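>
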Amino acid sequence: MKRFLTSLSLLSSLAAASVLGGACSMQFETASLASDRGGDNFAGTGPEVEPPPTGGGAGGNTGDITFPSPNPAPDGNTSYTELCGAGCMSGESALGCSVAMNPEDGAPLVSCQIVPTPNGASAQCLTPGFSQTGDPCTRASDCVQGHGCALTGSSVGSCRPYCCGAVAACPEDTYCAPAPMADDTLNAAPLAIPVCIPATECTLLDDTSCPAGQTCTLVREDGTTSCVDPGAGYLDDPCPCAAGYLCVAAFKKCLALCHTGGSDCPDGMFCQGGADSFPDGIGVCVK
Numbered sequence: 001m002k003r004f005l006t007s008l009s010l011l012s013s014l015a016a017a018s019v020l021g022g023a024c025s026m027q028f029e030t031a032s033l034a035s036d037r038g039g040d041n042f043a044g045t046g047p048e049v050e051p052p053p054t055g056g057g058a059g060g061n062t063g064d065i066t067f068p069s070p071n072p073a074p075d076g077n078t079s080y081t082e083l084c085g086a087g088c089m090s091g092e093s094a095l096g097c098s099v100a101m102n103p104e105d106g107a108p109l110v111s112c113q114i115v116p117t118p119n120g121a122s123a124q125c126l127t128p129g130f131s132q133t134g135d136p137c138t139r140a141s142d143c144v145q146g147h148g149c150a151l152t153g154s155s156v157g158s159c160r161p162y163c164c165g166a167v168a169a170c171p172e173d174t175y176c177a178p179a180p181m182a183d184d185t186l187n188a189a190p191l192a193i194p195v196c197i198p199a200t201e202c203t204l205l206d207d208t209s210c211p212a213g214q215t216c217t218l219v220r221e222d223g224t225t226s227c228v229d230p231g232a233g234y235l236d237d238p239c240p241c242a243a244g245y246l247c248v249a250a251f252k253k254c255l256a257l258c259h260t261g262g263s264d265c266p267d268g269m270f271c272q273g274g275a276d277s278f279p280d281g282i283g284v285c286v287k
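In structure tokens form, the structure reads like this:
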């Protein structure tokens, strides 16, 4: 009988609808849903559980399932550093750029900001502006320190916190995803930068809670949900995933969301629930 390794790393492969307009996915810096954020071990280990002896559908077993958010970071599992232009956004030089030099002499505060170039994003030390989170902007230098100017759901830019270092670092009720730079007029498609985007509350496996064409998915390991644009991947397909599916980070393939105790899962699979991120009655289909 097949056995299931219960400690999985999952992420939603559903792209943020208001962000890039297409399907992509990202992941949380997490080792276990049952623990605090941290680490980059996405393979997971843990106790095994026997699936039900019958062919599939119903279930409700609990397990230490870890996952989600809608957009895998291009450099691996824990950050979007490849989108951030290196330079002062690298760990070695960020501090020197983010503090004023000789402030008693009246030197202006400088901060690390990502700006577009024909060769990609470039992180530069610039004088920040005064616009706060959510305020309208036309360029990164309009925004306060630590913020970029991104298009997140409209044609008007807004100041949003960068989340280059760790996708789990965004404030509560937001999540990290790439969004087009509002000030990129140099490239045919605006370059994307990772910023913290407001989540829109919705109900898993009930897309009537989202605008037409969008689907509800988990975007944070604390169970935060948001409406996003679906991908194209179904069961065992490569990520990004369609509505009702999550991406297994370790294998980069899609698993189906399901109702525990129901008959959602294919034959030979059962619904694994009980993870902290899942609401009661929701799990994923596993073998």
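If you're matching positions, the sequence shown starts at 1 in the UniProt record's numbering and goes up one per residue. Don't be surprised by glycine CBs; every beta carbon is placed ideally from N, CA and C. Being a predicted model, the structure only gives us computed values, none of them experimental.
In angstroms, rounded to a whole number, what distance separates the CA positions of Gly281 and Cys239?
In a straight line, the C-alpha of Gly281 is about 24 Å away from that of Cys239.
> Between Cys149 and Cys88, which are expected to be in contact by the criterion C-beta below 8 Å, what is the C-beta distance as a whole number of angstroms?
Not really, about 17 Å apart at Cβ, beyond 8 Å.
> Flag this pair as yes or no: are the beta carbons of Gln132 and Cys159 separated by less than 9 Å?
In contact: Gln132 and Cys159 (Cβ atoms closer than 9 Å).
> How many Å lie between Ser111 and Val144 at the Cα?
Cα to Cα, Ser111 sits roughly 8 Å from Val144.
> When the distance is taken between beta carbons, is Leu218 closer than 9 Å to Phe270?
Not a contact, by the Cβ cut-off of 9 Å.
> Apart from the five residues on each side of it in sequence, which residues of its chain come closer than 6 Å, Cβ to Cβ, to Asp184?
Excluding sequence neighbours, Asp184 sits near Pro116, Pro190, Leu191.
> Pick from Tyr234, Gly165, Lys252, Thr200: whose alpha carbon is nearest that of Glu82?
Nearest C-alpha to Glu82: Gly165.
> Is the Cβ-Cβ distance between Arg220 and Ala182 less than 9 Å?
It is not a contact, given that the beta carbons lie outside the stated cut-off.
> Starting from the C-beta of Ala86, find all residues in its chain whose C-beta is less than 7 Å away, skip the five residues before and the five after it, and write them out in chain order.
Answer for Ala86: Ala123, listed in chain order.
> If you count every other CB in all the chains shown that lies within 10 Å of the CB of Asp206, and 16 or more means buried, which is it?
Exposed, by the Cβ-count rule.
> For Gly213, tell me which candidate among Pro230, Glu201, Thr224 has the shortest Cα-Cα distance.
Ranking the options by Cα distance to Gly213, first place goes to Pro230.
> Please classify Leu255 as buried or exposed, where buried requires at least 16 neighbouring CB atoms within 10 angstroms.
The residue is buried, with at least 16 neighbouring Cβ atoms inside 10 Å.
> Measure from the alpha carbon of Ala232 to the alpha carbon of each residue in Thr224, Cys241, Ser226, then state which is nearest.
Looking at the Cα atoms, Cys241 is the closest of the given residues.
> Mind checking if Cys265 is an interface residue toward chain D, Cβ cutoff 9 Å exclusive?
Included in the structure is just one protein chain, with no chain D present.
> Are Thr208 and Tyr175 close, meaning C-beta to C-beta below 9 Å?
For Thr208 and Tyr175, no; Cβs fall outside 9 Å.
> Looking at the strands, I want to know which residues DSSP matches up with Ser111.
Answer is Leu126.
> How many angstroms separate the CA atom of Ser155 from the CA atom of Ala188?
For Ser155 and Ala188, the distance between alpha carbons rounds to 16 Å.
> Kindly indicate which residue of Cys196, Asp276, Thr127, Leu186 has the alpha-carbon position closest to the one of Pro118.
Selected option, being the one with the closest Cα: Leu186.
> Does Ala121 come out as helix, strand or coil in the three-state DSSP assignment?
Correct three-state label for Ala121: strand.
> When burial is assigned at 16 or more other CB atoms within 10 Å of the CB, is residue 375 buried or exposed?
For residue 375 there is no data in the structure shown, the boundaries of the chain being 1 and 287.
> Which of the three DSSP states, helix, strand or coil, is assigned to Asp280?
Three-state DSSP puts Asp280 in coil, outside helix and strand.
> Curious, which full-length beta strand (DSSP E) runs of at least 3 residues does the region 231 to 279 contain?
Correct list: 245 to 248, 253 to 259, 269 to 273.
> Give the range of the beta strand (DSSP E) segment to which Gly148 is assigned.
Start and end: 147 to 150.
> Determine the extent of the beta strand (DSSP E) in which Val228 is found, giving its start and end residues.
Unbroken beta strand (DSSP E) run through Val228: 225 to 228.
> Report the three-state DSSP secondary structure of Val167 (helix, strand or coil).
Helix, per DSSP.
> Leu109: buried (16+ other C-beta within 10 angstroms of its C-beta) or exposed?
Exposed, because fewer than 16 other Cβ atoms sit within 10 Å of the Cβ of Leu109.
> Measure the beta-carbon distance from residue 288 to Cys247 and round it to whole angstroms, keeping in mind my assumption that it falls under 8 Å.
For the chain, the structure presents residues 1 to 287; residue 288 sits outside this window and is missing.
> Taking buried to mean at least 16 other C-beta atoms within 10 Å of its own C-beta, is Pro171 buried or exposed?
Exposed.
> For Pro198, I'd like the list of residues in its chain whose CB is within less than 7 Å of its CB, leaving aside the five on either flank, ordered along the chain.
For Pro198, where only same-chain residues beyond five positions count, the Cβ hits under 7 Å are Asp173, Thr174.
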